[in-house]
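Be aware that the sequence shown starts at 1258, since it is given in our numbering, and climbs by one per residue. Glycine residues also receive a C-beta, built at the ideal position from the N, C-alpha and C atoms. This report concerns only the one structure given below.
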Amino acid sequence: MRLRALLETEALGLRLLGGEDELDRTVRGVMTTDLRDPSRYLSGGELVLTGLAWRREPEDSERFVRILTGAGVAGLAAGEAEMASIPDDLIRACARHRLPLFSVNENVSFASITEHVVRQVSSERAGDLAAVVDRHRRLMTSGPAGGGPEVVLDLLGSDLDLRAWVLSPTGRPIAGSSLAGAGPELPASVSAALAGEHLAAARTGRRGPHRVTAGGDTYSLFPISHSGRALAARDVRETVLSDWFLAVEADAGDWSPERLDLLDGVTQLIAVERDRRDAARTVRRRLAQEVLELVQTGAAPAEIAARLRVAAPVLLPGLGTAPHWQVVVARVEWEDGDIPGGPVAQALLEEMLAAPEASGPEPSDRIAVAHMGDEAVALVPLPAVPAGAGSDEAAAQAAGLHADRLLAAVREPLSRGLDGDGRLTLGVSAAVHSAEGLRGALEEARHARRVAAARPGRVCAAGHQELASHVLLLPFVPDDVRRAFTARLLDPLRDYDRRHRAELIPTLEAFLDCDGSWTRCATRLHLHVNTLRYRVGRIEQLTGRDLSRLEDKLDFFLALRMS
1258 MRLRALLETE
1268 ALGLRLLGGE
1278 DELDRTVRGV
1288 MTTDLRDPSR
1298 YLSGGELVLT
1308 GLAWRREPED
1318 SERFVRILTG
1328 AGVAGLAAGE
1338 AEMASIPDDL
1348 IRACARHRLP
1358 LFSVNENVSF
1368 ASITEHVVRQ
1378 VSSERAGDLA
1388 AVVDRHRRLM
1398 TSGPAGGGPE
1408 VVLDLLGSDL
1418 DLRAWVLSPT
1428 GRPIAGSSLA
1438 GAGPELPASV
1448 SAALAGEHLA
1458 AARTGRRGPH
1468 RVTAGGDTYS
1478 LFPISHSGRA
1488 LAARDVRETV
1498 LSDWFLAVEA
1508 DAGDWSPERL
1518 DLLDGVTQLI
1528 AVERDRRDAA
1538 RTVRRRLAQE
1548 VLELVQTGAA
1558 PAEIAARLRV
1568 AAPVLLPGLG
1578 TAPHWQVVVA
1588 RVEWEDGDIP
1598 GGPVAQALLE
1608 EMLAAPEASG
1618 PEPSDRIAVA
1628 HMGDEAVALV
1638 PLPAVPAGAG
1648 SDEAAAQAAG
1658 LHADRLLAAV
1668 REPLSRGLDG
1678 DGRLTLGVSA
1688 AVHSAEGLRG
1698 ALEEARHARR
1708 VAAARPGRVC
1718 AAGHQELASH
1728 VLLLPFVPDD
1738 VRRAFTARLL
1748 DPLRDYDRRH
1758 RAELIPTLEA
1768 FLDCDGSWTR
1778 CATRLHLHVN
1788 TLRYRVGRIE
1798 QLTGRDLSRL
1808 EDKLDFFLAL
1818 RMS
């Protein structure tokens, strides 16, 4: 707003005392002060309100006005409540420094002036920003992106003092002023919490914005849907695990309709960028589909290798052929409703496999994901291992994807998004160094995913490292076989423990855990060795087994694990 507009509002009680030629200055804010030197709190463009408590002698006026002029303030308004009139020395100092000076009627509070200026400035800034948003939307819709969503988010920060981030459904930052170094980054724990709240709200059909408190601060979450999608025609579960959202560090509950409309325009703009990003993934998805179809149909390794040579420059630009590959399999299953799981798992896997430390909309350029039925399969190239990092195979395994790390990064938010009727299961293969190994890697990842599916929880994963243990085969034993096997071996011991409090089951567990060592087991249980021998003898008598035989030890071990 202009200084001139202040004189047009009679309710403000302002009277111009000097500076008629400077009334077209722009007012960008307002500040009330009686400090002798308020320069540290001034950034330029303010209307300064003062009660003149800083003035003790006439010379103070010159010093005060010089400080204000140096800070670039728009004007000075002095109250008449303390003095009958504005001192002449202040009027002369403002005239020398060409600083517009107003007097404030003693019946008008500084709070009323402040409220009026803030309301006018915020309204004008919102209008300016809305025009920028609309212009940017037209640019992005009709041609190359005009800087991406960061441009508008930076404007939210500079013009409306709003810190905002675009986040993925797993909480990964896509865009935001903090990414450009304009402020502290959003902590990972807060991002995950916001993502969880967003997914929970979207799953229950609540309309945004959603008010959330995380890390001691209040945020408002605005959903970002694909720009061309017909919302009413689709089940929310088809997109809930892939849609981005806008997190604004503010409480939107008391915002005006104009400001809410502005943020809606921002989300529409970001939706255009999201659709553009998805379109750019088409080539990578097609390459993955072609390679995986060759692998599944048993094509010759030479044919698969030729296709990989075509894919590598797209997935690893500038790095040549990838020496190693990994396969990740994901499946999203809904308990209620016939919702295709393949596309959902595909979009989610593309997001999950983005490097956790990467920010921006395109960190997953080097990952190709296809979907087959309800299953999504990712072909992940691993860059060349640096010299001196050990054997190629061992170094590739160490540098590759790990199921537990993938799980840790997404478990919290995705569990909220799947809560009620959905599950996500993941399987990760070992790294392979040739086309011949891809078929085995695919089967290994699928088997690992089946192992993960046998575990409790909404979000589960298993990796190739775990498949070497026979313990992971136990979930695949039918329930009736498991019950019969454990009952035959352990029920006699449980019955005896209930009647005599003999603790045969804990003794058996400790004995097996100590690899049959009498001394170590007795020490662990705080028993005399003869007492331990008596208990083991009783176990053998009740079950008809011999704990000196490997086969009987293994049967007891499996029975305890399955019970």
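query, result
"Helix, strand or coil, according to DSSP, for Pro-1357 in the structure here?", "coil"
"Compare the C-alpha of Leu-1520 against each of Glu-1530, Gly-1555, Glu-1560 and Leu-1417 and name the closest.", "Leu-1417"
"How far does the alpha helix (DSSP H) with Arg-1662 in it extend, from its first residue to its last?", "1660 to 1675"
"Report the three-state DSSP secondary structure of Asp-1474 (helix, strand or coil).", "strand"
"How about Ala-1687 and Glu-1701: are their beta carbons less than 8 Å apart?", "yes"
"What whole-angstrom Cβ distance do Thr-1307 and Gly-1336 have, given they're in contact under 8 Å?", "7 Å"
"Between which two residues does the beta strand (DSSP E) carrying Pro-1430 extend?", "1430 to 1433"
"Jot down the residue ranges of each uninterrupted alpha helix (DSSP H) in the stretch 1289 to 1360, minimum 4 residues, whole runs only, in chain order.", "1316 to 1328 and 1345 to 1353"
"Can you tell me whether Leu-1274 is buried or exposed? The criterion is at least 16 other CB atoms within 10 Å of its CB, across all chains shown.", "buried"
"For the alpha helix (DSSP H) containing Pro-1763, name the first residue and the last one.", "1761 to 1770"
"How big is the Cα-Cα spacing for His-1455 and Gly-1286?", "34 Å"
"When you compare each of Ala-1471, Ala-1450, Ile-1348 and Ile-1481 to Arg-1464 by their alpha carbons, which one comes out closest?", "Ile-1481"
"Assuming contact is defined by CB atoms lying nearer than 8 Å, are Leu-1832 and Glu-1766 in contact in what I supplied?", "As displayed, the chain neither begins before 1258 nor continues past 1820, which places residue 1832 out of reach and without an answer."
"Pairing CB atoms from the stretch 1701 to 1710 with CB atoms from the stretch 1736 to 1756, are three or more of them under 8 Å?", "no"
"Whole angstroms is fine: what's the gap from Val-1408's alpha carbon to Val-1505's?", "15 Å"
"Just the Cα atoms here: how many angstroms apart are Phe-1814 and Ala-1421?", "55 Å"
"For the beta strand (DSSP E) holding Met-1629, just list the boundary residues, first then last.", "1625 to 1629"
"Please go through the same chain and pick out, in chain order, the residues whose beta-carbon is closer than 8 Å to the beta-carbon of Asp-1281, but skip the five residues on each side of it.", "Arg-1259, Leu-1260 and Arg-1261"
"Sort Asp-1317, Ser-1691 and Pro-1295 by Cα distance to Leu-1325 and report the nearest one.", "Pro-1295"
"CA-CA distance, Val-1585 and Arg-1531?", "24 Å"
"Using only the alpha-carbon positions, how far apart do Ala-1719 and Asp-1535 sit?", "28 Å"
"Using only the alpha-carbon positions, how far apart do Pro-1430 and Ile-1762 sit?", "51 Å"
"Going by Cα to Cα distance, which pick from Ala-1450, Trp-1591, Arg-1494 and Lys-1810 is closest to Arg-1668?", "Ala-1450"
"Considering just the uninterrupted stretch of the beta strand (DSSP E) at Leu-1826, what are its terminal residues?", "Since the displayed the chain opens at 1258 and closes at 1820, residue 1826 lies outside it and no answer follows."
"Could you spell out the range, first to last residue, of the alpha helix (DSSP H) harbouring Arg-1781?", "1775 to 1782"
"Could you work out which residue in Val-1305, Ser-1300, Ala-1692 and Gly-1332 is closest to Arg-1564 when comparing CA atoms only?", "Ala-1692"
"Take Thr-1371 and list the residues in its own chain whose beta-carbon comes closer than 6 Å to its own, dropping the five residues that flank it on each side.", "Val-1287"
"Mapping the DSSP letters down to three states, classify Gly-1465 as helix, strand or coil.", "coil"
"Should Thr-1496 be labelled buried (16 or more other beta-carbon atoms within 10 Å of its own) or exposed?", "buried"
"Helix, strand or coil for Pro-1480 per DSSP?", "strand"
"Distance, Cα to Cα, Arg-1792 vs Phe-1768?", "10 Å"
"Alpha carbon to alpha carbon, what distance is there between Ser-1774 and Asp-1809?", "16 Å"
"Spatial neighbours of Leu-1746 within its chain, please: C-beta separation below 7 Å, excluding the five flanking residues on both sides.", "Thr-1800, Asp-1812, Phe-1813 and Ala-1816"
"Between which two residues does the beta strand (DSSP E) holding Leu-1503 run?", "1502 to 1505"
"If you follow the alpha helix (DSSP H) that Glu-1808 is part of, which residue opens it and which one closes it?", "1807 to 1819"
"What are the complete alpha helix (DSSP H) segments, minimum 4 residues, inside the stretch 1687 to 1711?", "1695 to 1710"
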